[in-house]
Structure formats: C-alpha cells, structure tokens
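Visitor:
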Amino acid sequence: MPPKRMPLIGMSLKMYFSPARTQQYLSAFVPISRSANALGITTFLIPDFLSVAASCAVLVTTEEQRYATGVGAQDCFWEDSGAYTGEISPAHLWELGVGYVEIGHAERRRIFRESDDDVAKKAAAAAKHGLIPVVCIGEVEPDESHIDFAVQYCVKQMDAAVRCVPVDSQVVFAYEPVWAIGQPNPAPTEYINAVCAGLRMYLDSQGRDTSARIIYGGSAGPGLFTELDIDAVDGMFIGRFGHEPTNFEIMVHEIATKNFGQK
Numbered sequence: 018m019p020p021k022r023m024p025l026i027g028m029s030l031k032m033y034f035s036p037a038r039t040q041q042y043l044s045a046f047v048p049i050s051r052s053a054n055a056l057g058i059t060t061f062l063i064p065d066f067l068s069v070a071a072s073c074a075v076l077v078t079t080e081e082q083r084y085a086t087g088v089g090a091q092d093c094f095w096e097d098s099g100a101y102t103g104e105i106s107p108a109h110l111w112e113l114g115v116g117y118v119e120i121g122h123a124e125r126r127r128i129f130r131e132s133d134d135d136v137a138k139k140a141a142a143a144a145k146h147g148l149i150p151v152v153c154i155g156e157v158e159p160d161e162s163h164i165d166f167a168v169q170y171c172v173k174q175m176d177a178a179v180r181c182v183p184v185d186s187q188v189v190f191a192y193e194p195v196w197a198i199g200q201p202n203p204a205p206t207e208y209i210n211a212v213c214a215g216l217r218m219y220l221d222s223q224g225r226d227t228s229a230r231i232i233y234g235g236s237a238g239p240g241l242f243t244e245l246d247i248d249a250v251d252g253m254f255i256g257r258f259g260h261e262p263t264n265f266e267i268m269v270h271e272i273a274t275k276n277f278g279q280k
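Reminder that position 169 of the sequence shown reads as 186 in my numbering, one-by-one numbering, no gaps.
#1: According to DSSP, simplified to helix, strand and coil, what is P150?
#2: Where DSSP assigns a beta bridge to T60, which residues make up the other side?
#3: Put E266 into one of helix, strand or coil per three-state DSSP.
#4: Which residues in the same chain have their Cβ closer than 6 Å to the Cβ of V188, if we skip the five residues on either side of it in sequence?
#5: Where G224 and V184 are concerned, what is the direct C-alpha to C-alpha distance, given to the nearest angstrom?
#6: Excluding five sequence neighbours on each side, which residues of the same chain lie with their C-beta closer than 6 Å to the C-beta of S68?
#7: Cβ atoms of I63 and E124: under 8 Å apart, would you say?
#8: Determine the extent of the alpha helix (DSSP H) in which E131 is found, giving its start and end residues.
#9: Would you list, in sequence order, the uninterrupted alpha helix (DSSP H) runs of no fewer than 4 residues that lie entirely inside the stretch 140-194?
#10: Verify whether the separation of the beta carbon atoms of A70 and I26 is less than 8 Å.
#11: Give the straight-line distance between the Cα atoms of L245 and I272, rounded to the nearest whole angstrom.
#12: Just curious, the beta strand (DSSP E) that A229 is in, first and last residue?
#13: Closer than 8 Å, CB to CB, is G89 near chain C or not?
#14: Rounded to the nearest angstrom, what separates T59 and P201 at their Cα positions?
#15: Inspect the beta-carbon positions of K340 and F94 and report whether they are closer than 8 Å.
#16: Pull up the CB-CB distance for V250 and I267, whole angstroms please, since I reckon it's below 8 Å.
#17: Less than 6 Å between C-beta atoms, sequence neighbours within five positions excluded: which residues of the same chain meet that for A234?
#18: For the putative contact between V88 and V115, defined by C-beta atoms under 8 Å, what is the C-beta separation to the nearest angstrom?
#19: Can you name, in chain order, every residue of its own chain whose Cβ lies under 7 Å from the Cβ of T243, other than the five neighbours on each side?
#20: Could you please give me the residues that DSSP links to V6 through a beta bridge?
#21: Expressed to the nearest angstrom, what Euclidean distance is found between the alpha-carbon atoms of V294 and Q41?
#22: Less than 8 Å between C-beta atoms, sequence neighbours within five positions excluded: which residues of the same chain meet that for R217?
#23: From the DSSP output, which residues share a beta bridge with M253?
#24: Going by DSSP, what residue range makes up the alpha helix (DSSP H) through D46?
#25: Assuming contact is defined by CB atoms lying nearer than 8 Å, are I128 and F66 in contact in what I supplied?
#26: Quick check on the DSSP output: the alpha helix (DSSP H) that includes E207 runs from which residue to which?
#27: Excluding five sequence neighbours on each side, which residues of the same chain lie with their C-beta closer than 8 Å to the C-beta of R180?
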C-alpha cells in the first residue's frame, strides 16, 4: 500500500494584512501551526510579499519546518533572474526559507490574464528550486447536474502543470470553484466530494497518487471538512475565515479528527 498523503491546511492573506498586522497575527498562528504539525498535519501561511521574510524568520527556524509549518509566496516568475521588473524569483524565495508558492489564483487569471501555460511554467520553476507549487484551479460557473464538466474544466487547468512538474516532486492543487470564492457559503459538500474524486482519479492515473495533494478553497470555513471525503480531499485552503486564529485552530482539529480520530 502506498504511503498516505499527509493532510494539510493553508491560508492566504492576499492583500488584507499590513506587515504590522501580519506580525501580530503570527503571534497567535505560530503555536497553532506547531500543534497541528504534532498532530500530523502540515500547515502553511501565505502573507503578502512584504511580510514573507519576517514570516520565515518566525515560522521556519529549521529546514524541516520549511514544509511542515511553512511560509508561502503569492506568486513567482518562471525565470531565476534577469531584467524582469516587478517579478519574484523562485530561487530568491527559496533562499529566504519559503516552502510553498501559490500559483494561478482565479484573481490572477482574471485580472492579470494568466494562462494555463503561464501557470505551468511558474509551477515548474518553483519545483525546480524545491518549492511546492500550490496550483489554484476551479470552474467559473456552477453546474451541479454536470459534475463531469467541472472535472474536465479543472483537469485541463491541471494538465499543463502535471506535465511540467517532475512526477516525484510535491505539488498541491487547490480546488477553488470561482463561483464560490468570496461567498457566504462554500460549494455543496456533495459537489466538492464528487469533483475532487474525479480530480484524484486523474492524478492517480498520472502516477501522482502520493506526490500530488488536493485541498479545497472557496469560502472554506469551520465545519466543512467534517463533511468531506478524505480519500479525495487532503485538506483546506482558507482565506478570510482564517483571519480569526481560533477558526484556523478549529479547522486543524476537524482535519485531525477526520484523519486520525484525534481531537
């Protein structure tokens, strides 16, 4: 039997927190992330770029913590260095202690016109430097009567990254239905489970049964993971619901209980 994929929970702060507020948040987040790791759960926090170095200094004090209680960046470029004004080098992120890079979020696809090929090149560049790409995928419109449409839409987004990232490199796919982002409630649990089961089947067919994980985002909050299928969904990718640290802690314990029977 192949080794079980380690459950994980991550959070992106987008551009909501200032560096000062991020530092305040870290004082509550660090002990929660350490406790989560002791339960067998990986955590990562993705602050704004101005807070990446300071976050690494607090969360990543050993090489093991680079991934176990890691810090992520909200994007990177596909080149290591050069005349690319405003871009972020994956090599430089690694040097800071970063372990994860969020790539292809729906907002970047919509506002900055990032294509699947752009996302794939960034994912490959991140993986080349030992960073774990967190590739965001998700259909734009809901169609609960045609789950296959959502699966096919997301597989198309995944495929270029799957082909560009070495099969033995870790990659995370954050399934975030675009229509659920920023809404009061997430997608229905039956829908999430069905779509993620289809995505899991695709990844397994590509030899990524252990090297690729699927996490759900899109108005994800406390109570959701208790209803999800852990054979298809490996964890959560949260946003505003995690701005209150106790919510993050609640979700950690929900994941632990679901996976290990721990409370």
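Glycine residues also receive a C-beta, built at the ideal position from the N, C-alpha and C atoms. Keep in mind it's a predicted model, so treat the numbers as computed, not measured.
Guide: Reading off the structure:
#1: strand
#2: I26, T86
#3: helix
#4: P150, V182, A229
#5: Approximately 7 Å between the Cα atoms of the pair.
#6: Once the five neighbours on either side are set aside, the close Cβ partners of S68 are P36, T39.
#7: no
#8: First-last for E131: undefined, no H or E at that position.
#9: 164-181
#10: no
#11: 10 Å
#12: 229-233
#13: Structure shown: chain C not included; a single protein chain is present.
#14: Distance between T59 and P201, taken at the CA atoms: about 26 Å.
#15: Limits of the chain in this structure are 18 at one end and 280 at the other, which puts residue 340 out of reach.
#16: At roughly 17 Å, the Cβ-Cβ gap does not stay under 8 Å, so V250 and I267 are not in contact.
#17: It is worth fixing the name first, because residue 234 is Gly in this sequence and not Ala. Excluding positions up to five away in sequence, the list reads A191, E193, F254.
#18: 6 Å
#19: Apart from the 5 residues on each side of it in sequence, T243 sits with its Cβ closer than 7 Å to the Cβ of E271, K275 in its chain, given in chain order.
#20: One cannot answer for residue 6 here, as it falls past the ends of the chain, which runs 18 to 280.
#21: The first residue shown for the chain is 18 and the last is 280, placing residue 294 beyond what the model contains.
#22: I231, D248, A249
#23: I26, Y233
#24: It is worth fixing the name first, because residue 46 is Phe in this sequence and not Asp. Note, F46: alpha helix (DSSP H), 36-55.
#25: I128 is not a Cβ neighbour of F66, given a cutoff of 8 Å.
#26: In this chain, the alpha helix (DSSP H) harbouring E207 covers 206-222.
#27: A137
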